[in-house]
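Sequence positions in the sequence shown follow our numbering and run -5 to 255. One structure is given below, encoded as structure tokens.
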Amino acid sequence: PPPPHPPLPKINSNSTEYHRGGDCHQAFLPHRECVCYDRCPRCCVELELDVNFDKVNLTRPDQERDLPLTVTSRDLISNNILVAPAHFLNEEEQDESHDEGISIVKIGPGQHMKLKAIARMGISKEHAKWCPVAVATYRFWPIITINEEACAMLTLEQKQELVEACPDRILEMDEITGNLKAVENAFEMATFTEDLKVAQEAMKKRPEDDDFVNVVQSTDKFVFSVESTGAMDAEDILLSSLRVLKDRLNYLAAEVEKLKD
């Protein structure tokens, strides 16, 4: 079977303070889906880096020649014209950066770095380093219904008690009318409403009376939050995931059709 993880870069020459524990593996096609044994141009890309401080320093402005030289992702040369390192996450990050790309190491006089790296794409099922997601969570989308007729029978103190009973603070009292209403961002906050249910049950005159405030989960909508590690934009992660899911469903549908035939 193929190796579970991409090989580390082959460092041909390194007189810098760089250690390969910080290497970044960039790639463009899932290796696990390739038919090759180890690697091939369909699933892997070679990136070469060759930076010699003394040679580069000859071309630098006079005021910069006494400063260290930053080796960045711009110095990595790909053997595939369609694949290149991702130098920045977005244009905003690029505008704020003082370097031309992702900083790899700083070198000084007499130092030289030369390496060849193999870039291969993987998924987090193989290793966590290929996971661009830090946190992904689902929460229900609340449908909040306030029974105005029933609430009219409550005192202001009782209404305030309902507001404070919910730990997520999804309710508030109108300062003018004193009526209960849902806060503007209630759908972002509502996660636990059991305390609210218990509080209003205690206020009812009869157990069978209608609730003052009813909170139920929507059956056709939910809140899905994705926090990126920084390797990809959260939006790109979601769209990419949907494309993968679509491809797998199409493949499954095609296989089912073959079984019917």
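Positions of the beta carbon are idealized from the N, C-alpha and C atoms, including for glycine.
In the DSSP assignment, find the unbroken beta strand (DSSP E) run with residue i in it and report its ends.
i, result
"residue 221", "207 to 222"
"residue 256", "With the chain running from -5 to 255 in the structure shown, residue 256 is simply not present."
"residue 176", "174 to 176"
"residue 58", "Where residue 58 is concerned, there is no enclosing beta strand (DSSP E), given that its DSSP letter is neither H nor E."
If you draw a straight line from the C-alpha of residue i to the C-alpha of residue j, how long is it?
i, j, result
"residue 20", "residue 124", "Reliability of the predicted coordinates at residue 20 is poor, the pLDDT of 38 falling under 50, and no value is obtained from them."
"residue 195", "residue 117", "49 angstroms"
"residue 53", "residue 30", "43 angstroms"
"residue 233", "residue 227", "10 angstroms"
"residue 47", "residue 182", "53 angstroms"
"residue 44", "residue 101", "12 angstroms"
"residue 106", "residue 69", "13 angstroms"
"residue 170", "residue 150", "12 angstroms"
"residue 24", "residue 108", "27 angstroms"
"residue 222", "residue 161", "28 angstroms"
"residue 128", "residue 252", "39 angstroms"
"residue 41", "residue 32", "17 angstroms"
"residue 250", "residue 184", "41 angstroms"
"residue 255", "residue 36", "32 angstroms"
Any idea what DSSP makes of residue i, helix, strand or coil?
i, result
"residue 198", "coil"
"residue 92", "coil"
"residue 256", "The shown model of the chain, from -5 to 255, leaves out residue 256, and the question about it has no answer."
"residue 147", "coil"
"residue 83", "coil"
"residue 77", "coil"
Between which two residues does the alpha helix (DSSP H) containing residue i stretch?
i, result
"residue 156", "150 to 159"
"residue 50", "47 to 51"
"residue 182", "180 to 183"
Give me the DSSP bridge partner(s) of residue i.
i, result
"residue 252", "DSSP output for residue 252 lists no bridge partner at all."
"residue 114", "38"
"residue 97", "66"
"residue 121", "Partner(s): none; residue 121 has no beta bridge."
Could you tell me whether the Cβ of residue i comes closer than 8 angstroms to any Cβ of chain C?
i, result
"residue 90", "Of the protein chains in the structure, only one exists, and it is not chain C."
Check: Given 8 angstroms as the limit, is there contact between the segment 137 to 147 and the segment 72 to 90, that is, 3 or more CB pairs closer than that?
Finding: no
Next item on the list: Evaluate the contact criterion for the segment 137 to 157 versus the segment 173 to 189: three or more CB pairs, one atom per stretch, below 8 angstroms.
Entry: yes
Check: Is the segment 198 to 214 touching the segment 142 to 153 in the sense that three or more CB pairs, one from each, lie closer than 8 angstroms?
Finding: yes
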